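Below you'll find the structure, written out as structure tokens, and then a few comments.
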Amino acid sequence: MTTNMSSESMDKLVSLCKRRGFLFPSSEIYGGLNGFWDYGPLGVELKRNIKEAWWKDMVSAHDDLDAPEGAPTAYQMVGLDCSIIMHPQVWKCSGHYDLFHDFMVDCRETKKRYRHDQVRGRWVEARGKKFFVATQSGGEEGFKETETRALKHLGLRSKQVDELSWTSPLVSLTTVDSFAEVLGPDAGELGTLTPPREFNLMFKTFVGALSGEEGAAFLRPETAQGIFVNFKNVVDSSRVRLPFGIAQVGKSFRNEITPRNFTFRSREFEQMEIEFFCHPSQSAEWYRYWRDRRYRWYTGLGLASSRLRLRDHDADELSHYSCGTADIEYAFPFLPPGEFGELEGIAHRGDFDLRSHREGKLARNGEDLAVEVDGEGKPRHRGSGKDIRYFDDQLKERFYPHVIEPSAGADRGTLAFLCEAFHEEQVEGETRTVLRLHPRLAPIKVAVLPLVNKDGMPEMAAKLYKELKRDHAAYFDDGGAIGRRYRRQDEVGTPFCVTVDGQSLVDGSVTWRDRDTLEQVRLGAAEVLPELHRRLRATC
RNA sequence: GCGGGUGUAGCUCAGUGGUAGAGCGCCACGUUGCCAACGUGGUUGUCGUGGGUUCAAGUCCCAUCACCCGCUCCA
Numbered sequence: 017m018t019t020n021m022s023s024e025s026m027d028k029l030v031s032l033c034k035r036r037g038f039l040f041p042s043s044e045i046y047g048g049l050n051g052f053w054d055y056g057p058l059g060v061e062l063k064r065n066i067k068e069a070w071w072k073d074m075v076s077a078h079d080d081l082d083a084p085e086g087a088p089t090a091y092q093m094v095g096l097d098c099s100i101i102m103h104p105q106v107w108k109c110s111g112h113y114d115l116f117h118d119f120m121v122d123c124r125e126t127k128k129r130y131r132h133d134q135v136r137g138r139w140v141e142a143r144g145k146k147f148f149v150a151t152q153s154g155g156e157e158g159f160k161e162t163e164t165r166a167l168k169h170l171g172l173r174s175k176q177v178d179e180l181s182w183t184s185p186l187v188s189l190t191t192v193d194s195f196a197e198v199l200g201p202d203a204g205e206l207g208t209l210t211p212p213r214e215f216n217l218m219f220k221t222f223v224g225a226l227s228g229e230e231g232a233a234f235l236r237p238e239t240a241q242g243i244f245v246n247f248k249n250v251v252d253s254s255r256v257r258l259p260f261g262i263a264q265v266g267k268s269f270r271n272e273i274t275p276r277n278f279t280f281r282s283r284e285f286e287q288m289e290i291e292f293f294c295h296p297s298q299s300a301e302w303y304r305y306w307r308d309r310r311y312r313w314y315t316g317l318g319l320a321s322s323r324l325r326l327r328d329h330d331a332d333e334l335s336h337y338s339c340g341t342a343d344i345e346y347a348f349p350f351l352p353p354g355e356f357g358e359l360e361g362i363a364h365r366g367d368f369d370l371r372s373h374r375e376g377k378l379a380r381n382g383e384d385l386a387v388e389v390d391g392e393g394k395p396r397h398r399g400s401g402k403d404i405r406y407f408d409d410q411l412k413e414r415f416y417p418h419v420i421e422p423s424a425g426a427d428r429g430t431l432a433f434l435c436e437a438f439h440e441e442q443v444e445g446e447t448r449t450v451l452r453l454h455p456r457l458a459p460i461k462v463a464v465l466p467l468v469n470k471d472g473m474p475e476m477a478a479k480l481y482k483e484l485k486r487d488h489a490a491y492f493d494d495g496g497a498i499g500r501r502y503r504r505q506d507e508v509g510t511p512f513c514v515t516v517d518g519q520s521l522v523d524g525s526v527t528w529r530d531r532d533t534l535e536q537v538r539l540g541a542a543e544v545l546p547e548l549h550r551r552l553r554a555t556c
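Using this note's numbering, the final residue of the first sequence is 556, and nothing's skipped along the way.
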């Protein structure tokens, strides 16, 4: 009967998005720009509704007097909107500068690409040749692999291993100056690696009209850091007390290597982030709360639990600072069956961020985090030196709060809601295309339609339309047959249509038509607004 | 970054060196009392972009851009 998304219908959805004005390729008249997308008239409404639902549910309508279901205690939520360009030191202390600023090496023979600092190897001499055998493996495996590959390169057998004379331990490729004597990690010949080339995953820009390195800055790769560097400002200015969260919605930028899959991996994207601050002793409970709370938000707005999953990261997937991370993932139709794409990550970040911004960039040192130092014992990246700890005047205790970070992608969410909503179904031999968007998210909430353009029906419909439009996104359509107008609204996800007909002129009632059930009921014209309001009320 | 595929009207696509097409959509008028009705008329093109070959290029060649698939890479 009704079919949900398959990878074939993804093409249809992409086409619908273009045709009806949800999404356009950026700069399309100039041929587009890889990794950038524009939201059209309906797309901007949909995305705004998603962001507004998030803001309302997380911040403005949050009940800060009682503990919500599943929460350890009551808590406060406030918002923030910080600049996209920040002091460059922010990104050094956050770890993005090191993590997003890589040198890459390509192999001309195998067409593979490696991170310069992740390739290592050993120098070997044999049969009058001296060369560097590279590998991506470390430790015992690295030793074994370099040995095997050295033998293979020289055409020796394993029992001739004694002919190999190793002249170095396993060292990083960064210690090698010339690649002419390097055997790439997957290569058969020497000297196939290109010189290391700089890959900057952050967008670089220049502050000031004179562009020089001293004015170099970055477009933010995440909104979170703006919250951390404003932590003390918020605490000092807004009477918040732990536990509380700071929320922010805004654009971020990353030079993704491979933008793919429609808007899923864009280079300019919008995030909806919360940094939730709590006492370290309670952080594990809050982490669990936010995982579940955020998962429920998506299901409450209509993402089916069969395509949505909450996945805890394995220990080896965790960032160096994180004590726990879970992803909320959606089985996008463009992914292979069984694969999921990330919508949101909920990370337990401990005190990494606030400490780093005071003391300098931290790195893992055994069980603990310590300021990362350079060769001279000085911090690799200096912190602000400002004491941005929290003072609890009840406990008379000054400490770094722990941070739980639910970080959601607004564009990915928008795409997931679109994919989930897209349906094609057979109605009396005709294919009906319908977006079953949650009424809160639908770009148009109600369409007002005169059944025919005579006998005063258009006038009555126009009056009702104007009244509804003051409070809700309404649409007026008097073109063509009524059936066609219903289908047009179905295709863009309008949940309700109100039709003014002959009976309306007699008793002032109208037809209320439901997008999903196709059922129609009669309603007094004055009841339309309250009914709409009731249906759009937040439920999650 | 590599390999393969694709690019023609708003959308889906046909067009095998010789006048740029179809269906759907969209607009107007008429008709029309509830699920993509009907009639009549109309609208739509830098054939992705740039160069080349040719008397002649949507079609052949080169380059380039974008999208899709697979590698590679990655919050």
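Glycine residues also receive a C-beta, built at the ideal position from the N, C-alpha and C atoms. This one's a predicted model, so the numbers in the text were calculated from it and none came from an experiment.
| Check | Outcome |
| --- | --- |
| Range covered by the beta strand (DSSP E) that runs through E436 | Unbroken run through E436 is the alpha helix (DSSP H), 426–437; no beta strand (DSSP E). |
| Backbone CA spacing between R414 and I420 [nearest angstrom] | 19 Å |
| Residue from R309, G318, L552, R257 with nearest C-alpha to L326 | R309 |
| Nearest neighbour of L281, chosen from D427, A69, R405 [CA to CA] | One point to set straight first is that residue 281 is Arg, not Leu, in the sequence displayed. With distances taken between Cα atoms, R281 lies closest to D427. |
| C-beta atoms of E141 and T191 nearer than 7 Å | no |
| Complete runs of the beta strand (DSSP E) confined to the stretch 387–428 [at least 3 residues] | 406–408, 413–415, 418–425 |
| Contacts around R374, its chain only, beta-carbon distance under 8 Å, and the 5 residues preceding and following it disregarded | G399, S400, G401, K402, D403, I404, R405 |
| Nearest-angstrom Cα separation, counted from K470 out to P422 | 54 Å |
| Of the residues E197, V544, L453, Y502, the one placed nearest K482, counting alpha carbons only | V544 |
| Touching by the beta-carbon criterion (3+ pairs, under 8 Å), the stretch 104–111 and the stretch 194–201 | no |
| Buried or exposed by the 16-neighbour rule on C-beta atoms within 10 Å, applied to I45 | exposed |
| Every unbroken beta strand (DSSP E) inside the stretch 291–334 [3 residues or more] | 324–328 |
| Contact between the stretch 505–516 and the stretch 460–467 (3+ Cβ pairs under 8 Å) | yes |
| Contact between the stretch 279–297 and the stretch 261–268 (3+ Cβ pairs under 8 Å) | yes |
| Reduced DSSP secondary structure (H/G/I, E/B, other) of N271 | coil |
| L170, enclosing alpha helix (DSSP H) - first and last residue | 155–170 |
| Completely contained alpha helix (DSSP H) runs for the stretch 441–492, where each covers 4 or more residues | 473–485 |
| Residue(s) in a DSSP beta bridge with A139 | Residue identity differs from the one stated: residue 139 is Trp in this sequence, not Ala. According to DSSP, W139 bridges with F148. |
| Simplified DSSP state of E44, which is helix, strand or coil | helix |
| Limits of the alpha helix (DSSP H) - the one that H549 falls within | 544–552 |
| Cβ separation of I262 and V250, assumed to be a contact under 8 Å, to the nearest whole Å | 6 Å |
| Close beta carbons around R35, own chain, < 6 Å, minus the five adjacent residues each side | none |
| Beta-carbon contacts of V389 that lie in its chain and below 8 Å, excluding the five residues immediately before and after | P395, R396 |
| Residue range of the beta strand (DSSP E) that includes L370 | First-last for L370: 368–375, but that is the alpha helix (DSSP H), not the beta strand (DSSP E). |
| Strand pairing of G357, partner residues [DSSP] | Y346 |
| Backbone secondary structure at H78 - three-state DSSP | coil |
| Same chain, Cβ closer than 7 Å to F438, five either side skipped, listed in chain order | M21, S25, L29, L451 |
| Neighbour-count burial assignment, P296, 16 or more Cβ in a 10 Å radius | exposed |
| Where I498 falls: helix, strand or coil (DSSP) | helix |
| Pair within 7 Å by beta-carbon distance, I362 and W306 | yes |
| Backbone secondary structure at G228 - three-state DSSP | coil |
| DSSP state of I262 mapped onto helix, strand, coil | strand |
| Given 8 Å, three or more beta-carbon pairs between the stretch 140–158 and the stretch 211–231 | no |
| Assumed close pair R531, D493 - CB separation to whole angstroms, cut-off 8 Å | With 8 Å as the limit, R531 and D493 do not qualify as a contact, their Cβ atoms being about 14 Å apart. |
| Whole alpha helix (DSSP H) elements within the stretch 85–131, 4-residue minimum | 104–110, 112–115 |
| Residue(s) in a DSSP beta bridge with I14 | As shown, the chain starts at 17 and ends at 556. That puts residue 14 outside it, with no answer to give. |
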